[in-house]
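Listed in order, the protein sequences are those of chains A and B.
For the first sequence, our numbering gives the first residue as 10, with consecutive numbering after it.
For the second sequence, our numbering gives the first residue as 605, with consecutive numbering after it.
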Amino acid sequence: KQEVTQIPAALSVPEGENLVLNCSFTDSAIYNLQWFRQDPGKGLTSLLLIQSSQREQTSGRLNASLDKSSGRSTLYIAASQPGDSATYLCAVNRGTYKYIFGTGTRLKVLA
Amino acid sequence: DTAVSQTPKYLVTQMGNDKSIKCEQNLGHDTMYWYKQDSKKFLKIMFSYNNKELIINETVPNRFSPKSPDKAHLNLHINSLELGDSAVYFCASSQDGSGAYGYTFGSGTRLTVV
């Protein structure tokens, strides 16, 4: 059974810091992994989709890496801003009609 | 222009009532999903539908009955609502069941049962 864990559960950093959010999964037989952000009271916004054959994906200040064999993905946020404050969720896909979501990391970036 | 739209956004109702949530996607996707987000913000799959057919029912009580009239719509009807049904319900879609191109989520329906 796939289990997905995100560490840390919560993070508070001053503006401008570079930070790393971690996602671990127990079953390495995945199809892809998607990172989302969720603002309070809002839906999920897709950030990055990384296929199992890829090692990383980049979008602006965001970089996601994937190490399938060790069951890990990281989301790197460069030069964090207060607008980055949100909950970040990773979701693992085995191509079987469902995503398994992680437990989330609540990020607060202080001005 | 919303890709995946859900209605209503908020729903407050009494225990024992029956309610429905509607979802529509205009992306031309074949596969649609319902997820439940609990008070601890954990998202869990409830149902998956592919081209109107039920693929996954993740041990959801049979008070919950999804219906897909066509592949662009997936509605969720809940009978005899209980306090524990209070949560945010998200609809999502993907091009197909492999999820090769990722999932797109709606903005959620916050259900409060009092």
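We put the CB at the ideal spot given by N, CA and C, even for glycine.
Query: Assigned secondary structure, L9/A (DSSP; H/G/I helix, E/B strand, else coil); Result: With chain A running from 10 to 120 in the structure shown, residue 9/A is simply not present.
Query: Proximity test, Cβ basis, 7 Å: I660/B and chain A; Result: yes
Query: Any chain A beta carbon closer than 7 Å to F709/B; Result: yes
Query: Through-space distance from S672/B to T114/A, alpha-carbon basis; Result: 33 Å
Query: Separation of P670/B from F651/B, as counted between CA atoms; Result: 8 Å
Query: Limits of the beta strand (DSSP E) - the one that H633/B falls within; Result: No beta strand (DSSP E) holds H633/B; DSSP gives it neither H nor E.
Query: Close beta carbons around S21/A, own chain, < 6 Å, minus the five adjacent residues each side; Result: K117
Query: Own chain partners of Q610/B with C-beta closer than 6 Å, once the 5 adjacent residues on each side are dropped; Result: C627, C695, G710, T713
Query: Beta-carbon gap between C32/A and G111/A smaller than 7 Å; Result: yes
Query: Contact set between T635/B and chain A, taken where Cβ atoms lie within less than 7 Å; Result: Y106
Query: DSSP state of L647/B mapped onto helix, strand, coil; Result: strand
Query: Nearest-angstrom Cα separation, counted from A95/A out to K656/B; Result: 34 Å
Query: Neighbour flag for S78/A against chain B, beta carbons, 7 Å; Result: no
Query: CA nearest to the CA of P612/B, picked from S698/B, K648/B, V692/B, Y705/B; Result: V692/B
Query: Closer than 7 Å to chain A by CB, G632/B; Result: no
Query: Which of helix, strand or coil DSSP assigns to D93/A; Result: helix
Query: 7 Å Cβ cut-off: residues of chain C touching G706/B; Result: The structure shown contains no chain C; its protein chains are A and B.
Query: Cβ of G69/A within 7 Å of any chain B Cβ; Result: no
Query: Meets three-Cβ-pair contact criterion under 8 Å: the segment 34-51 of chain A and the segment 98-105 of chain A; Result: yes
Query: Alpha-carbon spacing of S82/A relative to Y108/A, whole angstroms; Result: 15 Å
Query: T606/B, buried or exposed, once every other Cβ within 10 Å from all chains shown has been counted against 16; Result: exposed
Query: Status (buried if at least 16 other CB within 10 Å, exposed otherwise) for S697/B; Result: buried
Query: Nearest-angstrom Cα separation, counted from L84/A out to S74/A; Result: 7 Å
Query: Integer-rounded CB distance, given that Q11/A should sit under 8 Å from F34/A; Result: 6 Å
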